[in-house]
Amino acid sequence: MTADTIGVGLVSVGWMGRLHSRAYRALPDHFPELGVQPRLVVAADPVEAARDQALERLGYERAVADWREVLADPEVDVVSICSPNFLHREVAVAAAEADKPFWIEKPMGRYASDSRQIHEAVQRAGVITSVGFNYRHAPAIQRARELVRSGRLGRITNVRGALLADYSSDPAAPLTWRFERERAGSGVLGDLLSHGLDLAQYVVGRIASVTALAETFIETRPRPGRGIVDRTAAATGEHGPVENEDYAALLFRFEDGAVGTMDSSRVMRGPHAEYALEVYGTKGSVRWDFQRLNELDVFLDGQEVAGYTTHLVAPGDGEFARFQPGAGTAMGYDDLKTIEAAQFVASVRRGEQLAPSVADGLAAASIVEAAEASLADGAWHDVARVDGPLTYRAATPVLETHREAD
Numbered sequence: 001m002t003a004d005t006i007g008v009g010l011v012s013v014g015w016m017g018r019l020h021s022r023a024y025r026a027l028p029d030h031f032p033e034l035g036v037q038p039r040l041v042v043a044a045d046p047v048e049a050a051r052d053q054a055l056e057r058l059g060y061e062r063a064v065a066d067w068r069e070v071l072a073d074p075e076v077d078v079v080s081i082c083s084p085n086f087l088h089r090e091v092a093v094a095a096a097e098a099d100k101p102f103w104i105e106k107p108m109g110r111y112a113s114d115s116r117q118i119h120e121a122v123q124r125a126g127v128i129t130s131v132g133f134n135y136r137h138a139p140a141i142q143r144a145r146e147l148v149r150s151g152r153l154g155r156i157t158n159v160r161g162a163l164l165a166d167y168s169s170d171p172a173a174p175l176t177w178r179f180e181r182e183r184a185g186s187g188v189l190g191d192l193l194s195h196g197l198d199l200a201q202y203v204v205g206r207i208a209s210v211t212a213l214a215e216t217f218i219e220t221r222p223r224p225g226r227g228i229v230d231r232t233a234a235a236t237g238e239h240g241p242v243e244n245e246d247y248a249a250l251l252f253r254f255e256d257g258a259v260g261t262m263d264s265s266r267v268m269r270g271p272h273a274e275y276a277l278e279v280y281g282t283k284g285s286v287r288w289d290f291q292r293l294n295e296l297d298v299f300l301d302g303q304e305v306a307g308y309t310t311h312l313v314a315p316g317d318g319e320f321a322r323f324q325p326g327a328g329t330a331m332g333y334d335d336l337k338t339i340e341a342a343q344f345v346a347s348v349r350r351g352e353q354l355a356p357s358v359a360d361g362l363a364a365a366s367i368v369e370a371a372e373a374s375l376a377d378g379a380w381h382d383v384a385r386v387d388g389p390l391t392y393r394a395a396t397p398v399l400e401t402h403r404e405a406d
């Protein structure tokens, strides 16, 4: 890594790998003060068509079948790990041992035990990391966090969350690895609720105990054709069992005494990506839904009109000004990943953990672990504490001075 260039290696060229690549390429435009020109050095994927795409569409200099070649390349300064869940632990531990800072998607591991091994490897190596908790970076969430942490909502009493989606609602969709315990771990507990639980901790504070229930509504699915891993691909007529949950609901208590509820489904008919967080306090409340990414419903004591006011995010809210000049012109999902890339690269250049860390990833996985223990016995379970740089507790990182609006 020179003062101007940072070499990027990618593991797995799927949708998320393509998104990471676009986020790196967007940094000079949206975060010019970082002084970084990403260089897409090498991408790894066992599928030849994906390797071709890395070269021809994404602009990588080389493409290889074995991810180990990415970690061994001396021109790779940072690594994006976008592989299926069952590879996360092996790749991440190897990246830490190779002294490569890495940006890994969530869930960080299939189980908390995977995430714990990743966290321990990172602590031993001392490398900078980032975990893909992209909803943190929504400007509306940043504003909500400021209102909560400044005391404007008073004492927080309760939190409601929902992560409702339809991506697996078709019972004819193939039985991919996402439905297998061995390769995916849990279902919506890790895949979706890890996002919501991180959001709740980022905005409000540590979740200390939890109880849960879960159901699998579509119990069998047709097996995919040979070599198919994508959930949109054609399937055969033979059915196999779904081994993890379609739906989960949690009750939890925060360390400071507030209480919360959160539920999640991957088979809802109607919601596409209804990822919502509501925070209620003695002096007001806020409500946010990812499907209205750029809006925050706010109620504060003393408002002239009782009830919610819809705040359209604007310059001054999070990193909004880097993407749009004024309220009403929307940011999008890809922009959140660009902010995430900026936090990761800034962390690497400064040697300071600014981006969501593997400790944050383990913190979310530890809540899921306690929830799964509750599924087994129906009781409340304490959430294991995590050592390390928990960025959900820290002040919102200031990357550089914002650019003047055009």
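Under full-length UniProt numbering, think of the first position of the sequence shown as 1, with each following residue one higher.
Cβ atoms here follow ideal geometry from the backbone N, Cα and C, with glycine treated the same way.
Values in this document were obtained by computation on a predicted structure and should not be read as measured data.
Hey, which unbroken runs of the beta strand (DSSP E) at 3 residues or more fall wholly within the region 77-130? Contiguous beta strand (DSSP E) elements confined to the region 77-130 occur at 78-81, 102-104, taking only those with 3 or more residues.
State the start and end residues of the unbroken alpha helix (DSSP H) segment that holds G196. Element bounds for G196: 193-203.
So, V386 versus A359, is the Cβ gap smaller than 9 Å? A Cβ-Cβ contact shorter than 9 Å links V386 with A359.
Note the first and the last residue of the continuous beta strand (DSSP E) segment covering H311. First-last of the beta strand (DSSP E) with H311: 309-312.
Mind checking who T211 pairs with in its DSSP beta bridge? Note: T211 sits in a beta bridge opposite L251.
Looking at the structure shown, is L362 part of a helix, part of a strand, or coil, going by DSSP? Residue state, collapsed to three classes: helix.
9 Å Cβ cutoff met for R18 and L55: No, the pair does not count as a contact, with Cβ atoms beyond the cut-off.
Within its chain, find whatever has a CB closer than 7 Å to the CB of residue 489; leave out the 5 residues flanking it on each side and keep chain order. Nothing about residue 489 can be read from this structure; the chain reaches only from 1 to 406.
Helix, strand or coil for A65 per DSSP? It is coil, neither helix nor strand.
Output the residue ranges of the beta strand (DSSP E) runs that lie fully inside the region 300-347 and measure 3 residues or longer, sorted by chain position. Whole beta strand (DSSP E) segments, 3+ residues: 309-312.
Three-state secondary structure (DSSP) of D377: D377 falls in the helix class under three-state DSSP.
Could you tell me which residues DSSP puts in a beta bridge with I156? G281.
How would you write the range of the alpha helix (DSSP H) that M16 sits in, first residue to last? Element bounds for M16: 15-30.
In the DSSP assignment, the alpha helix (DSSP H) including P139 goes from what residue to what residue? First-last of the alpha helix (DSSP H) with P139: 139-149.
With DSSP collapsed to three states, give me the class of A162. Here A162 sits in strand by DSSP.
Indicate the three-state DSSP secondary structure (helix, strand or coil) for Y275 in the structure shown. Note: Y275 maps to strand in three-state DSSP.
Tell me whether R266 sits in a helix, a strand or coil according to DSSP, three-state version. R266 falls in the coil class under three-state DSSP.
With DSSP as the reference, label V398 as helix, strand or coil. V398 falls in the coil class under three-state DSSP.
Using 10 angstroms around the beta-carbon of D263, count the other beta-carbons present and answer buried if the total reaches 16, otherwise exposed. Counting the other Cβ atoms within 10 Å of the Cβ of D263 gives 16 or more, which makes it buried.
When L312, Q343, A341 are compared against A330, the one with the closest alpha-carbon: For the residues L312, Q343, A341, the minimum Cα distance to A330 belongs to L312.
Between Q343, D382, T391, A376, which lies nearest to L34 when the distance is taken from Cα to Cα? When each option's Cα is compared against that of L34, the closest is Q343.
Would you decide whether V13 is buried or exposed? Buried here means 16 or more other CB atoms lie within 10 Å of its CB. The residue in question, V13, is buried, as its Cβ has 16 or more Cβ neighbours within 10 Å.
As a quick exercise: from W380, R349, V383, H381, pick the residue whose alpha carbon is nearest that of E400. The shortest C-alpha separation from E400 is found at R349.
Is it the case that the Cβ atoms of Y60 and E369 are separated by a distance below 9 Å? No; because the gap between Cβ atoms is not below 9 Å, this pair is not in contact.
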